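Number of protein chains: 2
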Amino acid sequence: MSQDSEYSEGDLRNTGMSLKHDREWDYELDRIVEAVEERDATKVGLQFPEGLKRRGPRVADDIRELVPDDVTVMLSGQPCYGACDLDTFLMKRTDVFVHFGHSPMKNTDKVIYVPLFSNVDVFPIMEESLDELADPEDDPHVGLVTTAQHMNRFEEMKSWLDERGYEVHTRRGDDRLTHEGQVLGCNYASADIDADQVLYVGGGKFHPLGLAMEHPDKNVVIADPVNNVVTVADTEKFLKQRYASVHKAMDAEKWGVIFCTKIGQGRWEQAQEILDDNENAYLITMDEVTPDRLRNFDMDAFVNTGCPRITTDDGPQFHKPMLTPGEYEIAVGNKPLDELSFDTFHGTW
Amino acid sequence: MSQDSEYSEGDLRNTGMSLKHDREWDYELDRIVEAVEERDATKVGLQFPEGLKRRGPRVADDIRELVPDDVTVMLSGQPCYGACDLDTFLMKRTDVFVHFGHSPMKNTDKVIYVPLFSNVDVFPIMEESLDELADPEDDPHVGLVTTAQHMNRFEEMKSWLDERGYEVHTRRGDDRLTHEGQVLGCNYASADIDADQVLYVGGGKFHPLGLAMEHPDKNVVIADPVNNVVTVADTEKFLKQRYASVHKAMDAEKWGVIFCTKIGQGRWEQAQEILDDNENAYLITMDEVTPDRLRNFDMDAFVNTGCPRITTDDGPQFHKPMLTPGEYEIAVGNKPLDELSFDTFHGTW
């Protein structure tokens, strides 16, 4: 795979939001300026995902041109990899708060969500992906999923497959997802469709890997227009890594139970259950879950009730085994080894 | 200097809170348990500085033994290097919130502050420091300052110097400081005393360096009982680094103005002034100011209105020049080069 070598495996920045291709975006300045006028705003907050943060100053410039002089435009410097990384501090302290590039996890008047769609042409790589999909004469049923940034072409993708003889199955997932066919790193409910194969169109391999873990009975074909490569999701290496972590954690005495304080990531009941069940478990609260922050805690293993992508994709970077709540149950012997599954989130907040 | 080699220069963990010597602490469990009873608390939050985080689980165990079963004890996993790193999320969501190891920056009923005093014997190293202080027959006047963790021995230190013929000058600084003779990394008002020499008793060299920068007319002798070494604060290397950063930033077009959202670090007027004065300045808000978080912003230089220790001690780790507000004024030509001074904080919040 022609992965960007600057980003190591397990790096969440490697999500297709990095600017490998020149793109043009519509920042929906009209909507923002209108909100400033309507609310007599003096403070405007802008939040961009990591890969697009460098666009922030240009967007701020454009907004400053269009609004009164007394309006202060603020850029969020908090890490942002998804819709649950909402900068609630900035949101609460600005009159108009704009979150770019992710679709709402929950509709709220407090946030203006501006999607930033990729303008990469997805069809050449979809053409190549046909080699990995079953011939429509043998099996015409195919599921189609993509990420927020390619959502604007979703209907075209469906038609494109339809024209080639496929019966395309799509659905909107659960409340956590805005669009039909959309997947998140923590939610693949949109792939709960009646087909043995699913085509994922999008950058990176972490989303389709989660998808394949969540739907182990389906063949997951990855058409990646960002890295221009077609692959089939292979969960074997991923499973080996997870089993290795679980095995290492089986000897753990002291457990750190991480409760993530980010909006949309708090699973209090799950954390509380573990604490109630294990007197050597200690609740640790934090927003960003990073190796640095955990290094000073004298624990033998961690279980993360927050973002499963941190646990699995960044897992090897932590100094002690880092498990999902389901993996914890296996490690402490409450569940058999073969119940290892992917950790997903289904609610909003 | 026998610095702990694990910590690089500029590492804020190198503050004497790292456990080089065995120490015993009084966690004031009685006060905590009493507050739990009084408030019928079901949630108790504990926050420790980085170097003491590994003590957290043991303290949590002890508290759990002493309170009803339905009380959940939570450990803050947020980075903590000072009193302004208060975990306000945890504070707001727990009935009893305890901050260990730092003295209050502002008195509030919401927080139980538990000092954790060092039990390192300071007098052997003070004995050695006499070589660097003027003979009391020549100049008996000496200022005495220390950090929160040695505060319990402050009166003894004064007597000790007094017995050796010195006239010891001490004062409580401003509102930001709790104790007479106490210094913070961002505040040296307690050294505003009528003496040409100041003895700093404490770990690390960053505090006394700030002290020497803030009081350039005074000889600052460092008696470091943690690393067991006596030195005289030398601002030359520090100044060279700062001037190098200022010079590099002189060519900057695009400036990132950092507004730190941590309690006690927000200097809104200073940020606003820079924005008003410079149309190529962009306001960036964040809690932790780290090299990683700034890397994705396409700026030529940064000015940090938050913690001056991040700016100066961690400065070289940022990919672009990082200046204090005063240094910014020099870099853009509003002030002459020789006005470079140390950035300090004087209010509470």
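Line by line, the protein sequences are chains F and H.
Everything in the first sequence is counted per my numbering, starting at 1 for the first residue and increasing by one.
Everything in the second sequence is counted per my numbering, starting at 350 for the first residue and increasing by one.
In this text, a Cβ means the ideal position worked out from N, Cα and C, and glycines have one as well.
Remember, predicted model here, so these are calculated numbers, not experimental data.
The C-alpha of residue 82 of chain F lies about 10 Å from the C-alpha of residue 307 of chain F.
Taking 8 Å as the upper bound on Cβ-Cβ separation, chain F lies near residues 421, 422, 423, 424, 425, 426, 427, 428, 436, 438, 439 of the stretch 416-445 of chain H. When DSSP states are grouped into helix, strand and coil, residue 390 of chain H belongs to the coil group.
By the CB criterion at 8 Å, residue 503 of chain H and residue 662 of chain H fall outside the cutoff. Pairing residue 240 of chain F with residue 316 of chain F, the inter-Cα distance amounts to about 12 Å. Close partners of residue 60 of chain F in chain H (Cβ separation under 8 Å): 631.
At a beta-carbon threshold of 8 Å, the residues of chain F lying near residue 624 of chain H are 72, ordered along the chain. With respect to chain F, the C-beta atom of residue 646 of chain H has a partner C-beta closer than 8 Å.
Taking 8 Å as the cut-off, the Cβ atoms of residue 196 of chain F and residue 218 of chain F count as close. In the DSSP annotation of this structure, the continuous segment of the alpha helix (DSSP H) that includes residue 590 of chain H starts and ends at 584-598. Shown here, residue 226 of chain F sits in coil according to DSSP, grouped into three states, outside any helix or strand.
Closest in C-alpha terms to residue 111 of chain F, from the list F:175, F:159, F:32, F:79, comes F:32. Contacts between residue 607 of chain H and chain F, judged by CB atoms closer than 8 Å, involve 77 in chain order. Within 10 angstroms of the beta-carbon of residue 127 of chain F lie fewer than 16 other beta-carbons, which makes it exposed. Nearest C-alpha to residue 48 of chain F among F:125, F:281, F:97: F:97.
Cβ-Cβ separation between residue 439 of chain H and residue 285 of chain F: approximately 6 Å, consistent with a contact (criterion under 8 Å). Of all alpha-carbon atoms in H:510, H:399, H:472, H:442, the one lying nearest the alpha-carbon of residue 429 of chain H is that of H:399. Around the Cβ of residue 320 of chain F, a 10 Å sphere holds 16 or more other Cβ atoms; the residue is buried. Against chain F, a Cβ distance below 9 Å from residue 406 of chain H picks out 254, 256, 280, 282, 297, 298, 299. What residue 286 of chain F touches in chain H, judged by beta-carbon distance under 8 Å, is 425, 426, 427, going in chain order. Under DSSP, residue 186 of chain F forms no beta bridge with any residue. Put simply, the CB of residue 54 of chain F is near chain H, with a gap under 8 Å to one of its CB atoms.
Counting along the chain, residue 635 of chain H sits inside the beta strand (DSSP E) bounded by residues 630-635. Ranking H:689, H:599, H:618 by CA distance to the CA of residue 681 of chain H puts H:599 first. Between residue 425 of chain H and residue 401 of chain H, the C-beta gap is not smaller than 8 Å, which leaves the two residues out of contact.
With a threshold of 8 Å between beta carbons, residue 293 of chain F makes contact with chain H. One finds 438 in chain H with Cβ atoms closer than 7 Å to the Cβ of residue 261 of chain F, taken in chain order. In this structure, H:441 is the residue among H:470, H:441, H:468, H:472 with its C-alpha nearest to the C-alpha of residue 457 of chain H. Excluding five sequence positions before and after residue 151 of chain F, the CB atoms of its chain that fall closer than 8 Å to its own CB belong to 103, 115, 117, 179, 181, 182, given in chain order. By the rule that beta-carbons nearer than 8 Å mark a contact, residue 399 of chain H touches chain F. Closest by C-alpha distance to residue 323 of chain F, out of F:347, F:289, F:296, F:346, is F:289.
Every beta strand (DSSP E) of 3 residues or more that sits fully in the stretch 502-550 of chain H is shown, in chain order, as 516-518, 546-550.
Non-local C-beta neighbours of residue 44 of chain F in its own chain, meaning closer than 8 Å and more than five positions away in sequence, comprise 32, 36, 63, 67, 71, 72, 73, 74, 94, 95, 96, 97, 98, ordered along the chain. Burial check for residue 602 of chain H: the Cβ neighbour count within 10 Å stays below 16, so the residue is exposed.
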